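Written below as structure tokens is the structure these notes are about.
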Amino acid sequence: MRWLRAALAPLAALAPLAAGAARADGSYVLPPVGAQLTYRLVTTSSIPDKSVNVTAGQIYTYAVTAVNGATLEASIKPVAMIFGCPQDNPPKGCAFAMRAPGSSRDGDLVTVPIPAEIGDALARQSSYKGRYFFNEDRKFPLPAEKNPADANDTEFSTEPFLVVTNSLVCDYEQVKDFLPLGKTAHLSMPCQSVVAQTGARSGGPQPHSTEEAVSVELSDDGAAHLSLPSGNWEVRKVALKLVPKDSVHPTTDAELDVAPALGVSVKSHSAINGLPSQISTVTDSELVAYKP
Numbered sequence: 002m003r004w005l006r007a008a009l010a011p012l013a014a015l016a017p018l019a020a021g022a023a024r025a026d027g028s029y030v031l032p033p034v035g036a037q038l039t040y041r042l043v044t045t046s047s048i049p050d051k052s053v054n055v056t057a058g059q060i061y062t063y064a065v066t067a068v069n070g071a072t073l074e075a076s077i078k079p080v081a082m083i084f085g086c087p088q089d090n091p092p093k094g095c096a097f098a099m100r101a102p103g104s105s106r107d108g109d110l111v112t113v114p115i116p117a118e119i120g121d122a123l124a125r126q127s128s129y130k131g132r133y134f135f136n137e138d139r140k141f142p143l144p145a146e147k148n149p150a151d152a153n154d155t156e157f158s159t160e161p162f163l164v165v166t167n168s169l170v171c172d173y174e175q176v177k178d179f180l181p182l183g184k185t186a187h188l189s190m191p192c193q194s195v196v197a198q199t200g201a202r203s204g205g206p207q208p209h210s211t212e213e214a215v216s217v218e219l220s221d222d223g224a225a226h227l228s229l230p231s232g233n234w235e236v237r238k239v240a241l242k243l244v245p246k247d248s249v250h251p252t253t254d255a256e257l258d259v260a261p262a263l264g265v266s267v268k269s270h271s272a273i274n275g276l277p278s279q280i281s282t283v284t285d286s287e288l289v290a291y292k293p
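For the sequence shown, my numbering gives the first residue as 2, with consecutive numbering after it.
In structure tokens:
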């Protein structure tokens, strides 16, 4: 499953961003303590000149543990892994997915549920802090099979394949100028983006970290209505772009559908282009369940 895990490693940076709407009294709408928000995320990485496409994904639940003004804290529980497994030519790693208990196929995607006790163990190693529209800090343990050398062993491990940490360090007071949503057409602010991966198991990617200066560009794209598995939502569409100061690094373009009544992004689409390796990555996520 090494091909799959390599594709999943950067997903934490692309997960839905916390978002909300300011009330008239200046407070900020966010889900309450105890709320559970479950997202389904699928990413496809492509190498155009080699006609290679790798699809993978996750289902995971944020369990809100604290809310303070515009800041939300939560744990992250992995619920399922999603494998790209074309029936005519499935990659080697699909042997695990198709044998795993409870697995289900939808077209070329195979979803494998993670046992609750495994998800709980990994959640205890996770953390999340969101502020305004952004993942300020997110620590996510990537699930892995217990015995990667044996495709017939379909158990998951309580030890993550690796732990991915993302931080976006900004002067978040500037975001108030963009609220309530629709008040301002554009906002630009400088930030530092930090990505680190640690705790790699034997045979996996080596620990490393990167830090770069980026410009965060926000644009309001108007109102819309969405019907999702989690319900019907009135949303405000927000375009978000992360532009690196160093042109060697890729630019990220994202579209967020923010539900002001709930206070979070319920759907997102992002694309990373301009990597030195010419790999392009597209990620789609949506809120599939919400428990207040």
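By construction, the Cβ of each residue, glycine as well, lies at the ideal position given by its N, Cα and C atoms.
Nothing here was measured: the structure is a model prediction, and the numbers come from that model.
When only Cα atoms are considered, PHE97 and VAL283 end up about 24 angstroms apart.
The DSSP-derived three-state label of GLU146 is strand.
Considered as a whole, the segment 222-293 harbours 232-245, 252-260, 265-274 and 281-292 as its complete beta strand (DSSP E) runs of no fewer than 3 residues, in chain order. Excluding the 5 residues flanking it on each side, LEU110 has same chain C-beta neighbours closer than 8 angstroms at VAL43, THR56, GLY58, ILE83, PHE84, GLY85 and CYS86, in chain order.
Going by DSSP, ARG100 is part of no beta strand (DSSP E) but of the alpha helix (DSSP H) stretching over 95-100. Residue environment analysis places ARG106 among the exposed positions, since fewer than 16 neighbouring C-beta atoms fall within 10 angstroms of its C-beta.
Taken in chain order, the complete alpha helix (DSSP H) segments of 4 or more residues contained in the segment 74-139 are 95-100 and 117-124. The DSSP-derived three-state label of VAL176 is helix. PRO191 sits in a strand when the DSSP states are folded into three classes. Counting along the chain, the unbroken beta strand (DSSP E) around THR39 starts and ends at 37-48. In this structure, the beta-carbon distance from GLN207 to VAL164 does not fall below 8 angstroms.
Listed in chain order, the non-local C-beta contacts of VAL244 below 7 angstroms within the same chain comprise VAL215, SER216, GLU218 and THR252, local neighbours out to five positions each way being set aside. Looking only at SER286, ILE119, PRO181 and VAL267, the smallest Cα-Cα distance to SER158 is reached by ILE119. Annotation for ASN167: the continuous beta strand (DSSP E) segment containing it runs 163-171. Between the segment 259-268 and the segment 187-196 there are fewer than three inter-stretch CB-CB distances shorter than 8 angstroms, so the stretches are not counted as touching. Note on geometry: alpha-carbon atoms of GLU287 and THR112 lie some 16 angstroms from one another. Taken atom to atom, the span from the alpha-carbon of LEU182 to that of ALA75 is near 24 angstroms.
The C-alpha of PRO142 is placed about 20 angstroms away from the C-alpha of PHE135. Taken through DSSP and simplified to helix, strand or coil, GLN207 comes out as coil. For ARG41, the number of other beta carbons within 10 angstroms of its own is at least 16, and it is reported as buried.
For LYS246, the closest alpha carbon among the candidates LEU227, GLN193, ALA290 and PRO293 is that of GLN193. The Cβ-Cβ distance between TYR129 and TYR63 falls below 8 angstroms.
Taking a contact as a CB-CB distance under 8 angstroms, the pair ALA36 and LYS292 counts as one, their CB atoms being some 7 angstroms apart.
Around the beta carbon of GLN198, 16 or more other beta carbons lie within 10 angstroms, which makes this residue buried.
Annotated three-state conformation of ASN153 is coil, per DSSP. Counting along the chain, the unbroken beta strand (DSSP E) around THR56 starts and ends at 53-69. Between the beta-carbon of PRO33 and that of VAL65 there is about 7 angstroms, and that keeps the pair under the 8 angstroms contact cut. In this structure, DSSP gives VAL196 an extended state, which the three-state scheme calls strand.
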